[in-house]
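Read the structure below first, then the notes.
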Amino acid sequence: MVGASPKASPLLPTFARQDLAFERGEGVWLINREGERYLDFGAGIAVNALGHAHPHLVKALTDQAQKVWHTSNLYQIPEGERLAQRLVDNTFADQVFFTNSGAEALECAIKMARKYQYASGHPERYRIITFEGAFHGRTLATIAAGGQAKYLEGFGPKVEGFDQVPFGDHKALEAAIGPETAAILVEPVQGEGGVRPVPPQCLRGLRELCDKNSLLLIFDEVQTGVGRSGAFFAHQRAGVTPDIMAVAKGIGGGFPLGACLSTFEAGKGMTAGTHGTTYGGNPLAMAVGNAVLDEVLKPGFLDHVEKISNLMRQGLAAIKDRHPSVIEDVRGEGLLLGVKAKVPNTDLVAALRDQKMLTVGAGDNVVRLLPPLIISEDEARDGMARLEKACAALEQAMATERKGAAE
Numbered sequence: 563m564v565g566a567s568p569k570a571s572p573l574l575p576t577f578a579r580q581d582l583a584f585e586r587g588e589g590v591w592l593i594n595r596e597g598e599r600y601l602d603f604g605a606g607i608a609v610n611a612l613g614h615a616h617p618h619l620v621k622a623l624t625d626q627a628q629k630v631w632h633t634s635n636l637y638q639i640p641e642g643e644r645l646a647q648r649l650v651d652n653t654f655a656d657q658v659f660f661t662n663s664g665a666e667a668l669e670c671a672i673k674m675a676r677k678y679q680y681a682s683g684h685p686e687r688y689r690i691i692t693f694e695g696a697f698h699g700r701t702l703a704t705i706a707a708g709g710q711a712k713y714l715e716g717f718g719p720k721v722e723g724f725d726q727v728p729f730g731d732h733k734a735l736e737a738a739i740g741p742e743t744a745a746i747l748v749e750p751v752q753g754e755g756g757v758r759p760v761p762p763q764c765l766r767g768l769r770e771l772c773d774k775n776s777l778l779l780i781f782d783e784v785q786t787g788v789g790r791s792g793a794f795f796a797h798q799r800a801g802v803t804p805d806i807m808a809v810a811k812g813i814g815g816g817f818p819l820g821a822c823l824s825t826f827e828a829g830k831g832m833t834a835g836t837h838g839t840t841y842g843g844n845p846l847a848m849a850v851g852n853a854v855l856d857e858v859l860k861p862g863f864l865d866h867v868e869k870i871s872n873l874m875r876q877g878l879a880a881i882k883d884r885h886p887s888v889i890e891d892v893r894g895e896g897l898l899l900g901v902k903a904k905v906p907n908t909d910l911v912a913a914l915r916d917q918k919m920l921t922v923g924a925g926d927n928v929v930r931l932l933p934p935l936i937i938s939e940d941e942a943r944d945g946m947a948r949l950e951k952a953c954a955a956l957e958q959a960m961a962t963e964r965k966g967a968a969e
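Using our numbering, read the sequence shown as starting at 563 and increasing by one per residue.
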């Protein structure tokens, strides 16, 4: 084939993959083909909530795999009914639609908000207000919802119906509400946008604004949910309830699983035939989702997340004080923590990788620290020690560069 390279990967080159491959994992550790152990503070981008090869998840998946993998939603799936009921019992929601991913959960939420307004006699209300810096997925609708040019470029006309306002600008938010507005969509903590929490009073203000203007409030808890924030869902810390919520990542503990939760009122337009999925809610995913909740809903589990979060925040603050030329700020909630760097965040990620510690970059020059929620105190301290060494190495490199420039 003309232009083909004999060394080219058969994978579509949409990822800038690191030259690392892992063959097994144990808790908060990943082991590569050479047997080197890496401390995983990325958790598959906030996905592996219970770490790697958790015995309860492994058993749930293998037990179900020996029964039935897939039947489609033409038939009842008892484990799906059970998982939905447990989510309803522990959240604001009355009902659940299962998906395979966060983007699909957001698509469901967007469709539901529009259909609600249509069913309420307001078909003109279809626009959704979102916030600059947000990330809601990679489908055509969700990249339009996020509004970031780097994700929109080259994909034709932007999907209509989304109005972005600056993060934290309440005047701009109120000004954006018009006769065609259907809902407001927000992440309680922006993950990709730089680990930027929305203050509790602002979340409460959004609820009041929606109630005042007959709008639906949609929370994107794909990254923040299922214990990541230190609460079961991040919005619960603020005492605010949405009408619709998108969930994924941690709920499957590494197995592809998402969900769209809603009140009966918000979902009243979603009648038979208005939405669907072939794989969503399949028996394998439901078995794993229930196993994840078995662990996350255990008494003391979320207390442990908060305890480790406090330990890490104290450690990060001390490292920031000792290395002010590398770290500018520490932010986040629970075990969704961010270090805003003064050096390029890619350099800090690489320096940490040299220390056999895996992290994830984010917007606003932030490095995300997203360890599995089961991490121990000793493992958290180990991570802080590796971060300190990475900062020292970067400072040494900067000093060497300055000396070379002076000469």
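C-beta atoms are modelled at their ideal positions from N, C-alpha and C, and glycine is treated no differently. What you are looking at is a predicted structure, and each value in this text was computed from that prediction instead of being measured.
Annotation for arginine 689: Gly723, Phe724, Asp725, Gly740, Glu742, Thr743 and Ala744 place their beta carbon closer than 8 Å to its own, counting only its chain and skipping 5 residues before and after. The stretch 849–869 makes no contact with the stretch 692–709; the number of CB pairs closer than 8 Å stays below 3.
Straight through space, the alpha carbons of phenylalanine 659 and valine 850 are spaced by roughly 16 Å. If you draw a 10 Å sphere on the C-beta of alanine 968, you find fewer than 16 other C-beta atoms in it, and that means exposed. Excluding its 5 nearest sequence neighbours in each direction, arginine 766 has C-beta neighbours in its own chain below 8 Å: Ala800, Gly801 and Val802, listed in chain order. In this structure, the beta-carbon distance from arginine 915 to valine 922 does not fall below 8 Å. As summarised for the stretch 786–868, the continuous beta strand (DSSP E) elements at least 3 residues long and confined to that stretch are 806–809 and 820–824, given in chain order. Annotation note: the stretch 594–666 contains the following uninterrupted alpha helix (DSSP H) runs of length 4 or greater, listed N- to C-terminal: 605–608, 617–627 and 640–651. When the Cα atoms are used, arginine 875 and glycine 894 turn out to be separated by approximately 9 Å. Residue state for leucine 765 is assigned as helix, using DSSP reduced to three classes.
In this structure valine 609 is in contact with glycine 812, their Cβ atoms being roughly 7 Å apart against a cut-off of 8 Å. If you compare the alpha carbons of Gly838, Lys673, Phe826 and Lys869 with that of leucine 636, the shortest gap goes to Gly838. By the 16-neighbour rule on beta-carbons within 10 angstroms, valine 888 is buried. A contact between stretches requires three or more CB pairs, one per stretch, nearer than 8 Å, and the stretch 625–634 fails this requirement with the stretch 821–833.
The DSSP assignment places 732–738 as complete runs of the alpha helix (DSSP H) inside the stretch 720–748, in order along the chain (cut-off: 4 residues).
Beyond the five residues adjoining it in sequence on each side, isoleucine 593 comes within less than 6 Å, by CB distance, of Arg586 and Arg599 in the same chain, given in chain order. For asparagine 907 and glycine 900, the gap between their C-alpha atoms comes out near 11 Å.
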